[in-house]
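S.K.: Just passing along the structure, written as structure tokens.
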Amino acid sequence: MQEAQWIWMNRELHKWNDAKIHVLTHALHYGTGIFEGIRCFRTEDGPAIFRLREHISRLFDSAKIYMMEIPFTFNELSDAVKQTVSVNNLQECYIRPIAYYSYGEMGVNPLPNKIDVAIAAWRWDTYLGKEAEEKGVRCQVSSWRRINPSILPPQAKATANYANGSLAKIEAIKAGYDEAIMLNMDNVVAEATGENIFRIKDGILSTPPASDGALRGITRDTVIQIAGDMGMLFRRNTISREELYTSDEVLLTGTAAGVTPVREVDGRSIGTGKWPFAQKIRQAYSDIIHGRNEKYGSWLDLVEPRRMEVRV
Ligand SMILES: Cc1ncc(COP(=O)(O)O)c(C=O)c1O
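Here it is in structure tokens:
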């Protein structure tokens, strides 16, 4: 990873290599952390964070599900995210705020432990590989099922969920694919391991509802709004495995991955290899995140340039 200089931890800035936690931190043992993945993009007016409010709001929702009292307000955390980008002098970056049950008491009960919060930001250009956006990715439908709300709440962006995603990702990578697509316990498509999924068939865009196990992704919401602007027909409906195979186009969307076309699922090529809708959506998404679409200007929070002194 491309290291930056500073990491924000509980209001203080620590040098990248000094941002450490105790090995008996509760979240490390029991998966009791929640986090966000946010991006900052270059715009004509300087670096700007995309849909910061929605990300911080989802962080607080995840915390609520895990009964975590985050010891910072909404505004304090929003400012801390901006400060982390600014102090590292980053123009474009990925931002990872995490809140977790910290060090104090071992045992499955997390509640006796205090909540710590950290925010890191670093340059992270491509999540699914350099050629993914142009050439599309190859996906495998995983033998691992997406967590079910009766087992772990999928709408909490919790570290524990990603043990499920990691198993699917390992399986896909070992089999020579780029990404895994996860079905839920009813055998219908939920999402990928770090992205939502869309299908286009006969000009209609669709994506699985949250009730099928999809995270309410912020990029997913952005793509739905873009499709509306483009006058595309859109449905939030259940997608079966075979409907994936017979799609004209399949897209993965996420903060890390952006808008990425899928070129193959389980050895079946998707569409003609041209993906005209994907290209249009990607272009519109790129315009929005780089501040070239006034309609969505309020989704961008400008980052103040770095103040020279850094207090640690
Ligand atoms: C499991 C999962 N699904 C979907 C997404 C996409 O969500 P977003 O667009 O908010 O990044 C992510 C990334 O946060 C994710 O981890």
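Residue numbers (my numbering): 1 to 312.
Ideal Cβ positions, reconstructed from N, Cα and C, are used throughout, including at glycine.
What residues match up with leucine 233 in a beta bridge as DSSP calls it?
M.R.: Sequence index remark: in the sequence shown, residue 233 carries index 233 (1-based). Its beta-bridge partners are Ile204.
S.K.: In whole angstroms, what separates the C-alpha of phenylalanine 74 from that of alanine 63?
M.R.: For the purposes of this step, residue 74 is taken as the residue at position 74 of the sequence shown. For the purposes of this step, residue 63 is taken as the residue at position 63 of the sequence shown. Cα to Cα, phenylalanine 74 sits roughly 12 Å from alanine 63.
S.K.: Under 7 Å from any heavy atom of ligand 1, does the C-beta of glycine 136 make it?
M.R.: In the sequence shown, the residue the question calls residue 136 occupies position 136. No, the beta carbon of glycine 136 sits no closer than 7 Å to any heavy atom of ligand 1.
S.K.: Cβ of threonine 253 versus every heavy atom of ligand 1: is any distance shorter than 7 Å?
M.R.: Here residue 253 refers to the residue found at position 253 of the sequence shown. Threonine 253 Cβ: within cutoff of ligand 1.
S.K.: Go ahead and pull the three-state DSSP assignment for tryptophan 144.
M.R.: Numbered from its first residue, the sequence shown carries residue 144 at position 144. Residue state, collapsed to three classes: coil.
S.K.: Can you check whether the CB of asparagine 293 is closer than 8 Å to the CB of aspartate 287?
M.R.: The count along the sequence shown starts at 1 and reaches residue 287 at position 287. The count along the sequence shown starts at 1 and reaches residue 293 at position 293. For aspartate 287 and asparagine 293, yes; Cβs fall inside 8 Å.
S.K.: Check each candidate in Tyr245, Tyr30, Gln155, Leu59 and name the one with the smallest Cα separation from aspartate 212.
M.R.: One-based indexing of the sequence shown puts residue 212 at position 212. Minimum Cα distance to aspartate 212 is reached at Gln155.
S.K.: Among Ile119, Ser247, Ser102, which has the Cα closest to the Cα of arginine 39?
M.R.: Taking the first residue of the sequence shown as 1, we reach residue 39 at position 39. Among Ile119, Ser247, Ser102, the Cα nearest to that of arginine 39 belongs to Ile119.
S.K.: Judging by CA-CA distance, which residue of Leu24, Gly217, Asp202, Pro47 is the nearest neighbour of threonine 246?
M.R.: Against the sequence shown, residue 246 aligns to sequence position 246. The candidate whose alpha carbon is nearest that of threonine 246 is Asp202.
S.K.: Taking the straight line between their C-alpha atoms, what separation do you get for arginine 263 and isoleucine 21?
M.R.: Here residue 263 is taken as the residue at index 263 of the sequence shown, counted from 1. Here residue 21 is taken as the residue at index 21 of the sequence shown, counted from 1. Each residue's Cα considered, the two are about 41 Å apart.
S.K.: Taking buried to mean at least 16 other C-beta atoms within 10 Å of its own C-beta, is methionine 25 buried or exposed?
M.R.: Position 25 of the sequence shown holds residue 25. This sequence places threonine at residue 25; methionine is not what is there. Buried, since its Cβ has 16 or more Cβ neighbours within 10 Å.
S.K.: DSSP on tryptophan 124, reduced to helix/strand/coil?
M.R.: Against the sequence shown, residue 124 aligns to sequence position 124. Reduced to three states, the DSSP call for tryptophan 124 is coil.
S.K.: Would the region 107 to 115 and the region 124 to 134 be scored as touching if the rule is three or more Cβ pairs under 8 Å?
M.R.: no
S.K.: Comparing the CB of arginine 220 with every heavy atom of ligand 1, is any distance shorter than 7 Å?
M.R.: For the purposes of this step, residue 220 is taken as the residue at position 220 of the sequence shown. Because some heavy atom of ligand 1 lies under 7 Å away, the Cβ of arginine 220 counts as near it: yes.
S.K.: If we ignore side chains and look at the alpha-carbon of each, how far apart do isoleucine 95 and aspartate 229 end up?
M.R.: Reading the sequence shown from its first residue, position 95 is the one you call residue 95. Reading the sequence shown from its first residue, position 229 is the one you call residue 229. Between isoleucine 95 and aspartate 229, the C-alpha separation is close to 28 Å.
S.K.: With distance defined between alpha-carbon atoms, name the residue in Asn187, Ile181, Met185 nearest to phenylalanine 198.
M.R.: Counted from its first residue, the sequence shown places residue 198 at position 198. Nearest of Asn187, Ile181, Met185 to phenylalanine 198, Cα basis: Ile181.
S.K.: When you compare each of Arg146, Tyr285, Ala163, Ile98 to alanine 80 by their alpha carbons, which one comes out closest?
M.R.: Taking the sequence shown and counting its residues from 1, one reaches residue 80 at position 80. The option with the nearest alpha carbon to alanine 80 is Ile98.
S.K.: Using a Cβ-Cβ cut-off of 8 Å (strictly less than) and excluding sequence neighbours within five positions of leucine 183, which residues of its own chain qualify?
M.R.: For the purposes of this step, residue 183 is identified with residue 183 of the sequence shown, where counting begins at 1. Around leucine 183: Val141, Ser142, Arg145, Arg146, Val189, Ala190, Arg241.
S.K.: Return the Cβ separation of arginine 306 and serine 86 in integer angstroms, given the expectation that the two are a contact with Cβ distance under 8 Å.
M.R.: Counting from 1 along the sequence shown, the entry for residue 306 is found at position 306. Counting from 1 along the sequence shown, the entry for residue 86 is found at position 86. Contact holds; Cβ gap of about 5 Å.
S.K.: Compare the beta carbon distance of tyrosine 285 and glycine 258 with 8 Å and say whether it is the shorter of the two.
M.R.: For the purposes of this step, residue 285 is taken as the residue at position 285 of the sequence shown. For the purposes of this step, residue 258 is taken as the residue at position 258 of the sequence shown. Contact: yes.
S.K.: Mind checking who glutamine 5 pairs with in its DSSP beta bridge?
M.R.: Sequence index remark: in the sequence shown, residue 5 carries index 5 (1-based). None, per the DSSP bridge assignment.
S.K.: Within 10 Å of its beta-carbon, does tryptophan 16 have 16 or more other beta-carbons around it, so buried, or fewer, so exposed?
M.R.: Your numbering for residue 16 matches position 16 in the sequence shown. It is exposed - the Cβ of tryptophan 16 has fewer than 16 other Cβ atoms within 10 Å.
S.K.: Kindly examine ligand 1 and report whether one of its heavy atoms sits closer than 7 Å to the Cβ of glycine 213.
M.R.: Here residue 213 refers to the residue found at position 213 when the sequence shown is read from its first residue. It does not: the Cβ of glycine 213 is nowhere closer than 7 Å to a heavy atom of ligand 1.
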